[in-house]
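*Asks:* Sending over a structure as C-alpha cells; questions will come in a sec.
If you want it as C-alpha cells, here you go:
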C-alpha cells in the first residue's frame, strides 16, 4: 500500500516510526519545525522547535513545496495541541495555552512526551494560542499496529486531505482588528486543500494538489478540517465516498456523495477508482448555518484525482455541492454515522449536565465606538459565562499546585437562567454573559451525560464543540429546545458514533456520554476560532482517582514558564 504524506503530515506506526517534515510553505503558512523520534520509556517522543509563524505571509511561497525560513521566529509565543490524542494522565502534553501549560516563549523549546494508547486513525496537530492555528497545523496519522489490518478493504493508496483557509492579510492582524472594534473578523479570502486554493484560482492553478491513482483501486482519503471559521461540504466528481471513520474512531461504513466536516473534525473515506481514465475534482465549499446576511468565505477549493497521471487540456469535472445553507444534508450525514457494531454505553449516569452554547453582545464601553451589531461588541458563552483565559498560570498548574486566584471550580451544571433557548424573542438581559474562569469538577470514574444546547441569543449557528482529553459517544442530535422527557427516547444506545468534536446543530442540541477516567484539566470549546476567542469555552477539572495509575503524572522539568 502506498502512503502519500503532505508536507505538514506526521504519521505514526506502533514500534515502527514517527515521521515529520520541516517547514511546509503554502497558503498563509510560514514556519519551521524540527521533529525527531527518540526511544525512551514512552514509545513516541518528538522535539518540536520554534513552531512560530512569521509576521509576513509572502505569496512567493505559495508553491506548497518544502520551504525553510531561517530568520528568527521571535514574534509570538505558542503551544502545539495534538488534537484528539487522549493524553492519558498527561495534560502537560495537551497544548492549549494557559489551560494545560504556559506557552513556549519566542526562541524557547519544549519537548512533548506522550504515549498513544488504544487509538488508531486520523487526528491532527495545530497551534493553540491566539490565531496561530491559521498557519501551524498538520496531519497526525496513527496507523494500525504491525501485522494488523484495517477493518475494511486494504486500500492501494492513502492520502491526507487537509482543508484550510487563506487570508490575503496576516490572520493575527485580522483577529486583532476584530477585537479592537468588537466586530466579527473578516472571512478568509480562499479555502484550501493541502495549502492550495486550487484550479479555480489563477495564482494557484499550476500548483493545485493532485492525487495520482490507478484504475480499479481502493483509495483511502483522510479528510481533516483545519479551517478556523468554516464548516465544509466536500464532494468528488463521479465518485461515491464510503465513510469508514471519524475523529480516529471507526464507523459502520456508509456510502454518500457528500460529507460535512466541521473545524477540528476528521473523516476517513474510501473511494473506488471505477470511472473512465481522466481527471476529477475534489471540491469543498462552506456550510454557512448562521443568519442569511452573515458574511462567509463563498469560494470553492479544489484538488484533482488523476488516473495514471493523465495529462490533458480538458478541464476536470466539478462535482455538485449542496447549497451553502443545506441543513437537511447536514442532518442526513450526521444521522448516517454509527459505530461498526453494538457498543457498551457507560452507565448509570452520575453527572447529568446541560450546557448552553451560543453568541452574545457586550454593550460598547463608555466613550468608545464599537462595530458589532447595534454598536455593540461580539461575545460568546457557555451557560451564560464567557471564558477568560488566565495569564499568570495555566489552569492545570494551578490545580496541581494549589495556586489560588487562577480559577473557581463552580461552573454551573445547567444555565443559571432558564429561557426559550432557540426562540426569536430572547430578553436582551441575556445578551451580556458574565466574564469568568470557571471549571466544572468531576470525580474520577464518574459517568457524564452532557447535553449541549445551541441558543438563539443574537443569532444561532452550528457550533463544532471539542473536548480535550476525551472521546465520547454521540447519543443523539436534534432540533429545537432539548426536552428530556421526549428526546431521551431518541437516544441511540446500540451503536452511537464515537467522536472528539461534535457539531451542535443550528437552533438544536447534541447529547453525549463519556466516563471521566482521565484526570486533569480538559478544555471544552467551540472549534470556530472566533467563537473561542469571544469566550465560548469552559474546562472540566477531573479529580485524581486512587493511586498513581488514576492520577495526573508530575509536570516535566522543561515545562514552559509563565
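In this note's numbering, the protein residues as written are 40 to 601. For each residue, glycine too, the CB sits at the ideal point set by N, CA and C. Note that this is a predicted model, so its numbers are computed, not measured.
Below 8 Å, how does it come out for the region 517-525 and the region 342-350: are there three or more Cβ pairs, yes or no?
*Replies:* Touching, no, given that fewer than three Cβ pairs across the two stretches are closer than 8 Å.
*Asks:* For the pair the region 276-286 and the region 306-320, tell me if three or more CB-CB distances fall below 8 Å.
*Replies:* Result yes; three or more Cβ-Cβ pairs closer than 8 Å.
*Asks:* What residue does the alpha helix (DSSP H) around residue 524 start on, and which one ends it?
*Replies:* Taking the chain shown and counting its residues from 1, one reaches residue 524 at position 485. Looking at the DSSP string, the run of the alpha helix (DSSP H) that includes residue 524 is 523-526.
*Asks:* Can you tell me which of the three DSSP states residue 232 falls into?
*Replies:* Against the chain shown, residue 232 aligns to sequence position 193. In this structure, residue 232 counts as strand in the three-state DSSP scheme.
*Asks:* Measure the CB-CB distance between residue 561 and residue 479 and report whether it falls below 8 Å.
*Replies:* Locating residue 561 in the chain shown gives position 522, counting from the first residue. Locating residue 479 in the chain shown gives position 440, counting from the first residue. Cβ atoms of residue 561 and residue 479: not closer than 8 Å.
*Asks:* Are residue 540 and residue 237 closer than 8 Å when you measure CB to CB?
*Replies:* If you number the chain shown from 1, residue 540 lands on position 501. If you number the chain shown from 1, residue 237 lands on position 198. In this structure, residue 237 does not lie closer than 8 Å to residue 540 by Cβ.
*Asks:* Would residue 121 and residue 594 be called neighbours here (beta carbons separated by less than 8 Å)?
*Replies:* Here residue 121 is taken as the residue at index 82 of the chain shown, counted from 1. Here residue 594 is taken as the residue at index 555 of the chain shown, counted from 1. Not a contact, by the Cβ cut-off of 8 Å.
*Asks:* Go ahead and pull the three-state DSSP assignment for residue 593.
*Replies:* Mapped onto the chain shown, residue 593 falls at position 554. DSSP places residue 593 in coil when its eight states are reduced to three.
*Asks:* Give me the Cα-Cα distance between residue 124 and residue 591, rounded to the nearest whole angstrom.
*Replies:* Reading the chain shown from its first residue, position 85 is the one you call residue 124. Reading the chain shown from its first residue, position 552 is the one you call residue 591. Each residue's alpha carbon lies about 16 Å from the other.
*Asks:* Under DSSP, the beta strand (DSSP E) around residue 291 begins and ends at which residues?
*Replies:* The residue you call residue 291 lines up with position 252 of the chain shown. Counting along the chain, the beta strand (DSSP E) containing residue 291 begins and ends at 288-295.
*Asks:* May I ask you to verify whether the region 450-461 touches the region 407-415, counting CB pairs closer than 8 Å and requiring at least 3?
*Replies:* Because the criterion of three Cβ pairs below 8 Å is not met, the region 450-461 and the region 407-415 do not touch.
*Asks:* By Cβ distance below 8 Å, which residues in the same chain neighbour residue 389 in space, the five residues on each side in sequence not counted?
*Replies:* Looking up residue 389 in the chain shown gives position 350. Contacts found: 482, 485, 486 and 487.
*Asks:* For the candidate residues 227, 176, 228 and 233, whose alpha-carbon lies nearest to that of residue 199?
*Replies:* Residue numbering aside, residue 199 sits at position 160 when the chain shown is read from its first letter. Residue 199 has its Cα closest to that of 233, out of 227, 176, 228 and 233.
*Asks:* Answer with buried or exposed for residue 254, where buried requires no fewer than 16 other C-beta atoms within 10 angstroms of its C-beta.
*Replies:* In the chain shown, counting from the first residue as 1, residue 254 sits at position 215. Flag for residue 254 reads exposed.
*Asks:* With a floor of 3 residues, list each beta strand (DSSP E) that falls wholly inside the region 121-186, ordered by position along the chain.
*Replies:* Complete beta strand (DSSP E) runs here, min 3: 148-152, 160-166 and 176-181.
*Asks:* Give the straight-line distance between the Cα atoms of residue 399 and residue 133, rounded to the nearest whole angstrom.
*Replies:* The residue you call residue 399 lines up with position 360 of the chain shown. The residue you call residue 133 lines up with position 94 of the chain shown. Distance between the alpha carbons of residue 399 and residue 133 is about 29 Å.
*Asks:* Which one of 272, 393 and 418 has the shortest CA to CA distance from residue 474?
*Replies:* Here residue 474 is taken as the residue at index 435 of the chain shown, counted from 1. Comparing Cα positions, the closest option is 418.
*Asks:* So which of 448, 373, 477 and 446 has the shortest CA-CA distance to residue 421?
*Replies:* For this step, residue 421 is matched to residue 382 along the chain shown. Considering only alpha carbons, the answer is 477.
*Asks:* By the three-class DSSP mapping on this structure, what secondary structure does residue 579 have?
*Replies:* Translated into the one-based positions of the chain shown, residue 579 becomes position 540. Residue 579: strand per DSSP, three-state reduction.
*Asks:* If you follow the beta strand (DSSP E) that residue 518 is in, where does it begin and where does it stop?
*Replies:* In the chain shown, residue 518 corresponds to position 479, counting from 1. From DSSP, the beta strand (DSSP E) with residue 518 extends over 511-518.
*Asks:* Let me make sure I understand the geometry here. Which of 501, 527 and 426 has the alpha-carbon closest to that of residue 137?
*Replies:* Within the chain shown, residue 137 is the residue found at index 98, counting from 1. Cα-wise, what sits closest to residue 137 is 426.
*Asks:* In the DSSP assignment, find the unbroken beta strand (DSSP E) run with residue 385 in it and report its ends.
*Replies:* Taking the first residue of the chain shown as 1, we reach residue 385 at position 346. Counting along the chain, residue 385 falls outside any beta strand (DSSP E), and DSSP gives it neither H nor E.
*Asks:* Identify which residue in 252, 272 and 366 has its Cα closest to the Cα of residue 316.
*Replies:* Here the question's residue 316 lines up with position 277 in the chain shown. Nearest of 252, 272 and 366 to residue 316, Cα basis: 252.
*Asks:* Going by Cα to Cα distance, which pick from 222, 360, 318 and 504 is closest to residue 350?
*Replies:* Locating residue 350 in the chain shown gives position 311, where the first residue counts as 1. Cα-wise, what sits closest to residue 350 is 318.
*Asks:* Between which two residues does the alpha helix (DSSP H) holding residue 569 run?
*Replies:* Along the chain shown, one-based indexing puts residue 569 at 530. Note, residue 569: alpha helix (DSSP H), 568-573.
*Asks:* Taking only runs of the alpha helix (DSSP H) that begin and end inside the region 334-422, which ones reach a length of at least 4 residues, in chain order?
*Replies:* With a minimum length of 4 residues, the continuous alpha helix (DSSP H) runs that stay inside the region 334-422 are 366-374.
*Asks:* Count Cβ pairs between the region 139-146 and the region 217-230 that sit closer than 8 Å; are there 3 or more?
*Replies:* No contact exists between the region 139-146 and the region 217-230.
*Asks:* Can you tell me the Cβ-Cβ gap for residue 230 and residue 323, rounded? I've got them flagged as a contact below 8 Å.
*Replies:* Stepping through the chain shown from its first residue, residue 230 is reached at position 191. Stepping through the chain shown from its first residue, residue 323 is reached at position 284. Right, their Cβ atoms sit about 6 Å apart.
*Asks:* Please state the DSSP three-state secondary structure of residue 461.
*Replies:* Sequence index remark: in the chain shown, residue 461 carries index 422 (1-based). Of the three classes helix, strand and coil, the one that applies to residue 461 here is coil, per DSSP.
*Asks:* Rounded to a whole number of angstroms, what is the C-alpha to C-alpha distance between residue 170 and residue 164?
*Replies:* Indexing the chain shown from 1 puts residue 170 at position 131. Indexing the chain shown from 1 puts residue 164 at position 125. Roughly 14 Å separates the two Cα atoms.
*Asks:* From the DSSP output, in three-state form, read off residue 482 for me.
*Replies:* Here residue 482 refers to the residue found at position 443 of the chain shown. The answer is coil: DSSP assigns residue 482 none of H, G, I, E or B.
*Asks:* Buried or exposed for residue 89, going by 16 or more other Cβ atoms inside 10 Å?
*Replies:* For the purposes of this step, residue 89 is taken as the residue at position 50 of the chain shown. Confidence at residue 89 is low in this model, with a pLDDT of 27, below 50, so the placement of that residue is unreliable and no value is reported for it.
*Asks:* Over the uninterrupted beta strand (DSSP E) stretch that includes residue 307, give me the two end residues.
*Replies:* Taking the chain shown and counting its residues from 1, the one referred to as residue 307 is at position 268. Run containing residue 307: 305-311, per the beta strand (DSSP E) assignment.
*Asks:* Under three-state DSSP, which class holds residue 455?
*Replies:* As a position in the chain shown, residue 455 is number 416, starting the count at 1. Coil, per DSSP.
*Asks:* Taking 8 Å as the threshold, find out whether the region 320-339 comes into contact with the region 352-365 through three or more Cβ pairs.
*Replies:* Taking 8 Å as the limit for Cβ pairs, the verdict is that the region 352-365 does touch the region 320-339.
*Asks:* Roughly how far, in whole angstroms, is the beta-carbon of residue 504 from the beta-carbon of residue 543, given that I think they are within contact range, below 8 Å?
*Replies:* Position 465 of the chain shown holds residue 504. Position 504 of the chain shown holds residue 543. Confirmed, Cβ separation roughly 6 Å.
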